[in-house]
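Written below as structure tokens is the structure these notes are about.
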Amino acid sequence: MTQVRVERPHEHVAVVTLDRPDVLNALSIDLAIELDQTLLEVSRDNSVRVIVLTGAGRAFCSGLDLKDYGVVPGIDGLQVGQIAQRSMRVYSRLVTTLRSLHQPVIAAVNGPAYGGGMCLAMACEMRFAAPSATFNATGIVNGLTSTEMAAAWLLPRQIGSTHANDLLLTGRVVEADEALRIGLVSRVADDVLQEALSTAERMATFSPYGLAMTKDVIWANLEIGSLAAAVELEDRNQLMLGFTDNLPEAIRAFAQDRQPVYTDEPRKDLFDGS
């Protein structure tokens, strides 16, 4: 039975929904594997320019499914430590998969996002929350650590080390208004899915190449070692887009009082030999 649903409410927008509402979309091995495969399949559809990730029912994702954990495939002959490592990789791979997609991803956090669910939201480029959304790094409360699925790398970069340390070390619940105040989410909306869709539809009018390159540079500059290297990377990516017809099209559209239509085609005035 499928546990991940994909819908196309707009020509260039895909909505990926975790669909285990009876268990608050808790993460099992099977769900994690299906979500990973689904995200990659959606990303390979070049007509999709923006992805929205959300949960069915009243939760975004409540974290690890403690009742129906599941079994990672391909573990015959392995010892317990190796099996545990394989299992962890199934979950942590979701973060690197979200990073690897050429489309930006908006998390529409419609309810609790706990443990791995909070990490899923953090791995998205944008996070919008419903008023009922709550966030919790649950590992520390359950006798483990709160450092899973890149939480200790992502969270300080998103909200600063002071707030990140507070959340990761105390395991306290953060409600939507505080999440907005500390920068864990950028918007709180009564109809969070509609807010995400409206934003995604607007973003989908931009250059697909420009969206993908902007996402790449944002992530790359989180890891880059110096200001000089960051400027070099941004300059080169901007120049690559400058060789397309996008900017001339934006100028034409402005002059004609219409919406631009970006094709990412090379500029003919630069490459026609004239």
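Going by our numbering, the sequence shown opens with residue 143, and the numbers climb by one from there.
Note that the Cβ used here is the ideal one computed from N, Cα and C, for glycine as well.
field: Whole alpha helix (DSSP H) elements within the segment 167 to 198, 4-residue minimum
entry: As for any alpha helix (DSSP H) of minimum length 4 sitting wholly inside the segment 167 to 198, the runs are 171 to 186, ordered along the chain.
- prompt: What residue range is occupied by the uninterrupted alpha helix (DSSP H) comprising residue 379?
  reply: Residues 369 to 384.
query: Thinking C-beta only, is residue 347 closer than 9 Å to residue 402?
result: Yes, Cβ-Cβ distance for residue 402 and residue 347 is below 9 Å.
- request: Out of 367, 274, 189 and 235, point me to the one whose CA is closest to residue 320's CA.
  value: Residue 320 has its Cα closest to that of 274, out of 367, 274, 189 and 235.
query: So the alpha helix (DSSP H) residue 321 belongs to, where does it begin and stop?
result: Unbroken alpha helix (DSSP H) run through residue 321: 318 to 324.
- prompt: Beta carbon of residue 194, beta carbon of residue 265: below 9 Å?
  reply: No, Cβ-Cβ distance for residue 194 and residue 265 is not below 9 Å.
- request: Rounded to whole angstroms, what's the CA-CA distance from residue 144 to residue 329? Just pull it up for me.
  value: The alpha-carbon separation between residue 144 and residue 329 amounts to approximately 30 Å.
field: Residue span of the alpha helix (DSSP H) that contains residue 235, given as start and end
entry: 222 to 242 is the span of the alpha helix (DSSP H), which, as asked, contains residue 235.
- prompt: Can you pull the DSSP bridge partners for residue 152?
  reply: The partner list for residue 152 (beta bridge, DSSP) reads 155.
Residue burial classification, residue 290 (beta-carbon count within 10 angstroms, cutoff 16): With 16 or more other Cβ atoms within 10 Å, it is buried.
query: Got a sec, what are the start and stop residues for the alpha helix (DSSP H) residue 390 sits in?
result: Taken as a continuous stretch (DSSP letters only), the alpha helix (DSSP H) holding residue 390 covers 388 to 397.
First through last residue of the beta strand (DSSP E) which encompasses residue 341: Element bounds for residue 341: not the beta strand (DSSP E) but the alpha helix (DSSP H), 334 to 345.
task: Would you mind sorting residue 416 into buried or exposed? The rule is 16 or more other CB atoms within 10 Å of its CB.
output: Confidence in residue 416 is poor, its pLDDT being 49 and thus under 50, which makes the residue's placement unreliable; the coordinate value appears in the next sentence. Residue 416 is exposed by the Cβ-count criterion.
query: Roughly how far, in whole angstroms, is the beta-carbon of residue 214 from the beta-carbon of residue 229, given that I think they are within contact range, below 8 Å?
result: Confirmed, Cβ separation roughly 5 Å.
- request: Using three-state DSSP, classify residue 266 as helix, strand or coil.
  value: Residue 266: coil per DSSP, three-state reduction.
field: Collapsed DSSP secondary structure at residue 416 in the structure displayed
entry: Any reading at residue 416 must be qualified, since the residue scores a pLDDT of 49, below 50, and its modelled position is unreliable; the value itself is stated next. The answer is coil: DSSP assigns residue 416 none of H, G, I, E or B.
message: Comparing C-alpha positions only, which one of 382, 397, 297 and 392 sits nearest to residue 408?
response: From the listed residues 382, 397, 297 and 392, the smallest Cα separation to residue 408 is found for 382.
query: Rounded C-beta distance between residue 173 and residue 182? I'm assuming under 8 Å.
result: Not confirmed; about 15 Å, so no contact.
task: Name the residue from 158, 364 and 222 whose alpha carbon lies nearest to the alpha carbon of residue 196.
output: Checked all of 158, 364 and 222; the closest Cα to residue 196 is 158.
query: Taking the runs of the beta strand (DSSP E) that are 3 residues or longer, which of them lie wholly in the segment 255 to 312?
result: Fully contained in the segment 255 to 312 are the following beta strand (DSSP E) runs of length 3 or more, in chain order: 268 to 271 and 276 to 278.
Local Cβ density within 10 Å of residue 248, reported as buried at 16 or more and exposed below that: With 16 or more Cβ atoms within 10 Å of its Cβ, residue 248 is classed as buried.
task: Could you round the C-beta distance between residue 192 and residue 154 to whole angstroms and report it? I think they count as a contact, below 8 Å.
output: The Cβ separation is near 7 Å, so the contact holds.
field: Cβ pair residue 276, residue 293 closer than 9 Å
entry: No. Outside cutoff.
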